[in-house]
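Please read the structure below before turning to the comments.
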Amino acid sequence: MAFSHVCFNCRLSPRLGLTPSRQFSLSRRSHDVLRPATAPKPMPDVKHIRQNADLYAQNCRDRNYAAHAQYPSRIQSLTEESKQLDHDLKKPRSRVKQLEKTVAELSIALRKDASKDEDNRITQQLAELKSEAQQLKQDSQAMATRKTMCDEDIHRLALSLPNLSSAETPVGDDPRLVHYLNFDPQAPPNWTQQSPAELQARSHVTIGTELRLIDFASSATTTGWGWYFLVNEGAMLEQALIQYALGVARRRGWRTVAPPSVVYSYIAEACGFQPRDQHNEQQIWSIEQNERDRQSKPQRSLTGTAEIPLAAMYAGRDVDPADLPIKLVGASRCYRAEAGSRGVDTKGLYRVHEFTKVELFGWADYVATEEKAAPAATLTADGLFAELLEIQTEILTALRIPCRVLEMPTTDLGASASRKRDIEALFPSRFRPASTSSSSSVDPAAQHLEPAWGEVTSASICTDYQSRRLATRVRDAAKDSRFPHTVNGTAMAVPRVLAAILENGWDPQRGVVVVPEVLRPWMDGVETIGGKN
């Protein structure tokens with residue numbers, strides 16, 4: 011199996027500037043993408059977009075989709091053109107029917123006994139009528155073709171728009187601090203007083219290499235930059251983190267799934283997963299096809315997150331409202347191209363091409379009925395989102411990792427998210443004493459720590475954005491249908507959390523990493539890694 015390092019939006023040229031506008035591949039025409047008959051048919055809410063064009067245009071600008079801000083008004087104008095064409099088609103089609111009736115009558119008259127002059131007159135009249143009918147059919151076909159193009163463009167542009175942002179989402183570039191976990195900003199950790207050399211000694215790269223937990227040298231030979239070997243207790247830590255996260259989710263009623271890591275590319279697009287990130291870096295690895303397959307088989311891609319196959323489990327299906335909420339948790343290997351990314355954020359395990367992640371994904375009904383009035387909080391997307399955040403909080407609190415919870419701003423949201431919260435952990439190795447004068451719009455009290463924070467989990471509400479594109483419906487006994495809302499979030503991003511454990515659990519006096527107590531059952535009871543142990 012070969013892989014192509016070309017995203018499935020490669021035909022869109024990057025935009026230049028300090029803050030590039032984000033690209034979104036659903037702006038392609040539908041006939042550019044091979045889709046089997048079983049593929050779900052996307053159903054964007056064109057009516058709502060058309061009736062609220064200004065709202066959608068401003069939403070595009072708020073979310074750094076400036077090039078898309080013209081799409082709502084374009085949808086309006088295309089809709090008017092489509093309606094006008096539909097109206098204009100009635101007259102020629104009616105005239106063609108009249109002509110066909112007249113031609114039939116004249117043809118009958120021509121077969122009857124008549125004078126030669128009368129035959130000639132009828133023959134000439136038939137020729138003129140047929141010519142007029144042919145011209146009208148050509149004109150009608152041209153208008154019908156144009157109407158089809160208008161309708162396709164309306165559908166395409168509607169699918170290209172990002173989701174509407176929640177009222178909870180800060181507008182702009184700055185996140186809003188919600189609260190801290192395992193951290194007091196008034197009592198910063200003692201490593202902030204350490205020298206650059208001492209901070210480097212706390213790096214998970216240094217610790218993992220010296221304790222023989224991570225092998226970057228071998229991966230550089232086998233695969234290249236962005237890959238790694240976890241060995242010895244490092245490999246055990248990965249499995250412990252997976253099992254611990256799955257256990258926390260299962261106790262709350264989330265069903266375990268082992269999803270595939272390869273999906274149709276159009277499924278990834280339907281989920282709103284960007285082929286390029288906000289820095290125009292490629293994210294998706296597409297599986298290379300030979301020329302024959304490119305013409306006959308849909309493109310497939312490696313998944314960047316289990317969110318994609320989990321969402322697709324109910325693609326094209328009707329869901330009984332009694333079965334909601336549906337809560338799934340899946341552990342999988344994930345693949346990100348991360349083309350060109352370098353720097354402090356990409357050293358070691360923080361930004362890699364392949365990693366294991368435990369993902370939470372759920373569907374919730376947003377229509378309240380008397381039967382579902384209690385407990386309402388668990389049946390709505392907001393309630394499911396809150397439960398997901400509780401799972402993330404429980405996991406990271408028990409791991410004793412210093413974290414902060416952020417309500418993310420509009421410019422940080424992916425195409426599908428209406429609202430997103432991130433949890434960032436402190437990484438001592440990312441701290442730079444020279445940057446203590448830098449300002450922080452998140453928390454001035456801890457502004458000197460700003461460079462040391464790094465995202466470890468994310469949670470999003472996607473309203474009906476994904477279910478519309480995956481044709482997942484809620485259909486009740488009365489046959490009324492609606493689109494469920496979806497939520498998703500990270501239960502465990504193994505490499506980043508593992509790195510945070512190494513850096514925050516490092517005891518320089520003993521030369522060991524303290525293993526969080528909740529992981530020890532899957533670590534053969536090991537309490538520390540390194541030293542004489």
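Each residue of the sequence shown is one higher than the one before, starting from 11 at the first, in my numbering.
In this text, a Cβ means the ideal position worked out from N, Cα and C, and glycines have one as well.
| Query | Result |
| --- | --- |
| Bounding residues of the alpha helix (DSSP H) (the contiguous stretch that carries Ser228) | 226-232 |
| Cβ pair Ala374, Ala396 closer than 8 Å | no |
| Pairwise C-alpha distance: Val56 and Gln134 | 50 Å |
| Whole-angstrom C-beta distance between His214 and Ala509, which should lie under 8 Å | 4 Å |
| Test item: CB-CB of Thr420 and Val181 under 8 Å | yes |
| Three-state class that DSSP yields for Glu380 in the structure shown | Unreliable positioning characterises Glu380 in this predicted model, as indicated by a pLDDT of 40, which lies under 50. The coordinate reading is nonetheless provided below. DSSP places Glu380 in helix when its eight states are reduced to three. |
| Range covered by the alpha helix (DSSP H) that runs through Glu220 | 214-220 |
| Pair within 8 Å by beta-carbon distance, Ala425 and Asn69 | no |
| Asn498 classed as buried or exposed, judged by whether at least 16 other C-beta atoms fall within 10 angstroms | buried |
| Asn498, DSSP secondary structure in three states | strand |
| Inter-residue CB distance, Pro198 and Ala456 (contact presumed, cutoff 8 Å) | 7 Å |
| Environment of Gly535 [buried if 16+ CB atoms lie within 10 Å] | exposed |
| Beta-carbon gap between Leu312 and Val272 smaller than 8 Å | yes |
| Whole-number beta carbon distance between Leu409 and Pro526, since they are thought to touch under 8 Å | 5 Å |
| Nearest-angstrom Cα separation, counted from Ala143 out to Ala137 | 10 Å |
| For Tyr254, three-class secondary structure by DSSP | helix |
| Ala250 and Leu529 closer than 8 Å at C-beta | yes |
| Ala374 - containing alpha helix (DSSP H), residue span | Note, Ala374: premise wrong, no alpha helix (DSSP H); beta strand (DSSP E) at 364-374. |
| Reference Glu91; option with closest CA among Leu116, Ala114, Ala347, Ile164 | Ile164 |
| Asp72 burial status per 10 Å Cβ neighbour count (16 or more: buried) | buried |
| Residue interval of the beta strand (DSSP E) (run including Gly182) | Note, Gly182: premise wrong, no beta strand (DSSP E); not H, not E. |
| Among Ala488, Ala341, Thr266, nearest to Glu248 - alpha-carbon criterion | Ala341 |
| Cα-Cα separation, Pro185 to Thr500 | 19 Å |
| Environment of Gln476 [buried if 16+ CB atoms lie within 10 Å] | buried |
| CA-to-CA distance, Arg414 to Gln402, given in whole angstroms | 12 Å |
| Nearest to Tyr360 (by Cα), restricted to the options Ile252, Ile511, Gly326 | Ile511 |
| Counted within 10 angstroms of its Cβ, other Cβ atoms place Asn130 as buried (16 or more) or exposed | exposed |
| Environment of Leu334 [buried if 16+ CB atoms lie within 10 Å] | buried |
| Integer Cβ distance of Asn192 from Ile411, believed to fall under 8 Å | 6 Å |
| Local conformation of Gly540 per DSSP, three classes | strand |
| Helix, strand or coil at Ser491 according to DSSP, with G and I counted as helix | strand |
| Cβ neighbour criterion (16 or more within 10 Å) applied to Pro102 | buried |
| CA nearest to the CA of Leu253, picked from Ala322, Arg327, Ile405 | Checking the sequence shown, residue 253 turns out to be Gln, not Leu. The option with the nearest alpha carbon to Gln253 is Ile405. |
| Glu460 beta carbon less than 8 Å from that of Glu434 | no |
| Beta strand (DSSP E) runs wholly inside the segment 142-216, at least 3 long, in chain order | 186-191 |
| Nearest neighbour of Arg166, chosen from Pro52, Val484, Arg212 [CA to CA] | Pro52 |
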